[in-house]
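Quick note, the sequences are listed as chains C and W, same order. Counting in the numbering used here, the first sequence runs from 12 upward without gaps. Counting in the numbering used here, the second sequence runs from 56 upward without gaps. Before any comments, here is the structure.
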Amino acid sequence: MIHLVPLLIYAVALLLWIRLLLKGAEVQDPAVPAGITGLGVVLHAVALGSFWTQFGELPLVGPGAALSSLAFVGGLALVATLPLRDVGRVAIALLPVIMVMQGVALILGVRPSDQALDFQGAGFVLHVSFAFLGYQGLALAFAAGLLYLIQHHELKEKRLGRFFHFIPPLATLDTLGRVGVWGGFGALTVALLLGWAWTVEHRGSLEVYDPKVMWAVLSWFVFLGILAARGGGGRNDYRGAVAAVVGFGIVIGTYLIIRITLGGTGLFL
Amino acid sequence: MTLAVVGISHHTAPVEVRERMAFAPSEASQALMTLRHEAGVEEAVLLSTCNRTEVYLFPAERIEVVQAWEGLLEAKAGRLERRIRDYLFEQRGDGVVRHLFQVSAGLDSLVTGEAEIQGQVREAYERAVGMPVDPPLAGPVLNRLFQMALSVGGQVRSETAIGQGAASVASVAVKLARKIFGSLKGKRVIIVGAGQTGELIVQALHREGAQGVTVVNRTYERAALLARQVHGQALEMERLAEGLAGADIVLSSTAAPHPVLTREIFRRSFPSGLRRPLLVIDIAIPRDVDPALGDETGVFLYNVDDLRKIVDEQVRLREGAIPQADRIIRAQHEEFRTWYASQQVVPVIRAMRDRAEEFRHLELDRMLRGMDHLSDRDRERMEEFSRRLMNKLLHDPTSRLRKGIRQGGGPKLVEAARFLYGMEGSETSDPGVGDTRPSDGRTNDTAD
């Protein structure tokens, strides 16, 4: 039940952001939706903290607990954007992603894993934390990219409507997307190295055919693709936005395929 | 006592008349001094903008006050085609309150909801407050009226869509630029053709932080002239491609009969394609920019029709907020009426008490005159008794009068109290507030 509360608060926050969008007003004060979003993240932290104290393990192992933690990291990334002028409006694209993660976590059950004893130590915790940061960096780049493409479309079509007023400027979204991609890429790289070191130390060799390893490596290449799109000549901001949206789709799509075809409680996500 | 506003506005006078009656700040101060010293005005605030010059007066019963103001306007305007009275409007009583609230909220402006007027109303009020005269020109009534007007203006803007959206070509251009570039600090602007609208847009962009303005014109001297005004540099038309290469924002407003900015020039400026967005605003007729340029990735091309369409949409959006703004104004108007009536009730209550006190003394003296046997102590007791009786008899009517005013009883209640206590002819009488009387045949320009 305690894990349902943040989901409900996120839903309220999303509705408030949508209300702000529908108002179509030029001067909009996002203080209330931003505050409710922050409250959701705080309650999410409380829920995960209670999991830790109740079961004596970090909620990082087992699909439900890990997904909830991943959603929480997304919430943290979102909270970091809230104090920045206009930037917090990416919440309208990022909150649904966070809510889906938390919703799936609740369906799968946020419960302790019988494998938890195998996955302990600072190296493992850091590996998972960096991996979560990496994926949320990608989610942030996706949200910024999606809003960039909508705003770009509005400007090209010469429509100064609700989306035009609500969505932050193209330059702001481009910067946010760049921060998300570079931050996420760095974090995922560190996570992969830590995971490799941890596996070699505890299992003797790297399990390259483990679906989650393959998924992580694929995600790393997706990052590389987005960075390549952002480099080079021409309109790299537009290409970067498209690449972030497509890349996020590939990562999520691959995850779903892995869950459906190889699903089981043994998977982390 | 009456409230009045007399002046000209964009409803009653064309720009060539308005500009001749516009008062600079120092002239406005001088005019206020003249009204005080020569016409004996008690309270006055002079509001002068490019769209209106009007003076708020309290009290304004005496015709000499209005005549003095008309004289000042006449002297300022000089010789006009028509009589000055043909351009004037006058409002009295309630109409003044409503008019000022509408002005402050931007409902009476040429561009509905424009924000500048709020600051101009504040300046006018502060000027009157700061005048070195005693009693102050912004006395109790105008002080309260203007403070409420400023508060109404703020409330209307924050609670309705009246001031939202960009309602001029220059503000649309700035808005577009901000939605593309975020901050305009350091953004480079190139203006092709030295037209007046283009100049206005450049100045608006410059205020937002845009720098490095390059002016390109067929006549180099004209380009250099405008470039000096906006602290930019001038280029010959032949070097347009060179200037374009470094620009973030392009403004085109030449009188050329054919496109000046073609795809070929664009490709010459950006041989390997655009690396950043480019906002192109073409306000020329016929168009200066090849429409095909809008298909280029990263080019956001807006012509004069696009901009006009956006402005019209924004104005429609603002006009849709007028009923909501009107509701706020009506509520605040009622609050001012109540406040004003409460000011009127104080002298009435004082008069009631004075009269009762007078009767008490009279009757007490008459009674005690034939009762010499009473001791001082007994006399004090009778004095005390009469005072208590008077206070008890007055307590209910006075407290109910105050309560009635608080509940919106207004001037009618005050009048009723005056009637009951036989004070109709007293100097507290006030036919002004609560009574709208357009003056004899003059134009009444407000949107009431």
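Ideal placement from N, C-alpha and C gives every residue a C-beta, glycine not left out.
- Any C-beta of chain W sitting closer than 9 angstroms to the C-beta of C/Arg173? No, no contact with chain W.
- Exposed unless 16 or more other CB atoms sit within 10 angstroms - verdict on C/Leu15: Residue environment for C/Leu15: exposed (fewer than 16 other C-beta atoms within 10 angstroms of its C-beta).
- Item | Status (buried if at least 16 other CB within 10 Å, exposed otherwise) for W/Ser307 | Buried is the call here.
- Spatial distance of C/Arg246 from C/Val219 (CA atoms): It is roughly 37 angstroms from the alpha-carbon of C/Arg246 to the alpha-carbon of C/Val219.
- Message: Considering Cα atoms alone, identify which of W/Leu419, W/His450, W/Gly425 is closest to W/Glu435.
- Response: When the alpha-carbon of W/Glu435 is set against those of W/Leu419, W/His450, W/Gly425, the nearest one is in W/Leu419.
- Query: Would DSSP call W/Asp337 helix, strand or coil?
  - Reply: Strand, per DSSP.
- List the DSSP bridge partners of W/Tyr357. Bridge partners of W/Tyr357: W/Ile336.
- Query: What separation, rounded to the nearest whole angstrom, lies between the Cα atoms of W/Ser159 and W/Glu171?
  - Reply: For W/Ser159 and W/Glu171, the distance between alpha carbons rounds to 9 angstroms.
- Query: Does the ligand NAP have a heavy atom nearer than 8 angstroms to the CB of W/Gly253?
  - Reply: No copy of the ligand NAP appears in this structure; indeed no ligand is present at all.
- Message: Quick check: the Cα distance between C/Arg214 and C/Gly172, rounded to an integer number of angstroms?
- Response: For the pair C/Arg214 and C/Gly172, the Cα-to-Cα distance works out to about 57 angstroms.
- Within chain C, the residues that W/Asp361 reaches when beta carbons sit closer than 7 angstroms: Those within 7 angstroms of W/Asp361 in chain C are Lys169.
- W/Asn272: buried (16+ other C-beta within 10 angstroms of its C-beta) or exposed? It is buried - the Cβ of W/Asn272 has at least 16 other Cβ atoms within 10 Å.
- Query: Using a Cβ-Cβ cut-off of 6 angstroms (strictly less than) and excluding sequence neighbours within five positions of W/Met407, which residues of its own chain qualify?
  - Reply: The residues are Tyr476.
- Query: Does DSSP put W/Ala99 in a helix, a strand or coil?
  - Reply: It is a strand residue.
- Query: For chain W, is any of its Cβ atoms less than 9 angstroms away from the one on C/Pro17?
  - Reply: It does not; no Cβ of chain W falls within 9 angstroms.
- What does C/Tyr249 reach in chain W if we use C-beta pairs closer than 9 angstroms? Correct list: Pro332, Thr352, Gly353.
- Message: Distance cutoff 9 angstroms, beta carbons only. Does W/Glu263 sit that close to anything in chain C?
- Response: By this cut-off, W/Glu263 is not an interface position.
- Would you mind reading off the limits of the alpha helix (DSSP H) that contains C/Val281? Shown here, chain C extends from 12 to 280; a query on residue 281 of chain C therefore has no answer.
- Task: Express the C-alpha separation of W/Ala225 and W/Leu255 in angstroms, rounding to a whole number.
- Result: Roughly 7 angstroms separates the two Cα atoms.
- Message: In this structure, how does DSSP classify W/Val268 when only helix, strand and coil are distinguished?
- Response: Strand.
- Query: Start and end of the alpha helix (DSSP H) containing C/Ile161?
  - Reply: Start and end: 133–168.
- For W/Val344 versus W/Pro312, is the C-beta spacing smaller than 9 angstroms? No.
- Task: Flag this pair as touching only if the stretch 175–194 of chain W and the stretch 79–99 of chain W have three or more C-beta atom pairs under 8 angstroms; answer yes or no.
- Result: Yes, they touch.
- 9 angstroms Cβ cutoff met for C/Phe177 and C/Leu32: Between C/Phe177 and C/Leu32, the C-beta gap is smaller than 9 angstroms, which places the two residues in contact.
- Message: Just to confirm the assignment: which complete alpha helix (DSSP H) runs, minimum length 4, are found wholly within the stretch 61–121 of chain C?
- Response: The qualifying runs are 74–92, 102–119.
- Item | Segment contact flag, the stretch 318–329 of chain W with the stretch 258–272 of chain W, C-beta cutoff 8 angstroms, min 3 pairs | Not touching, per the Cβ criterion.
- Message: Below 7 angstroms on C-beta distance, what does C/Pro180 contact in chain W?
- Response: Listed along chain W are Arg233, Lys234, Ile235, Phe236, Gly237, each with a C-beta nearer than 7 angstroms to that of C/Pro180.
- Per DSSP, W/Ile304 is paired with what? DSSP output for W/Ile304 lists W/Val244, W/Leu334 as bridge partner(s).
- When you compare only the Cα positions, how much space is there between C/Gly67 and C/Ala133? Between C/Gly67 and C/Ala133, the alpha-carbon positions lie close to 15 angstroms from each other.
- Message: If the criterion is Cβ atoms closer than 9 angstroms, does the pair C/Gly156 and C/Gly197 meet it?
- Response: With contacts defined as CB atoms closer than 9 angstroms, C/Gly156 and C/Gly197 fail to qualify as a contacting pair.
- Assign W/Ser64 to one of three DSSP states: helix, strand, or coil. The answer is strand: DSSP assigns W/Ser64 an E or B state.
- Message: Nearest by alpha-carbon distance to W/Thr57: which of W/Ser84, W/Tyr111, W/Ile63 is it?
- Response: Residue W/Tyr111 is the option with its Cα nearest to W/Thr57.
- Item | C-alpha gap between W/Ala204 and W/Leu155, whole angstroms | One C-alpha to the other measures close to 6 angstroms.
- Task: Keeping to the same chain, check which residues put their C-beta closer than 6 angstroms to that of W/Thr491; ignore five residues upstream and five downstream.
- Result: Because W/Thr491 carries a pLDDT of 33, less than 50, the predicted location of this residue cannot be relied on, and the following value inherits that uncertainty. Correct list, in chain order: Gly148, Asp149, Gly150.
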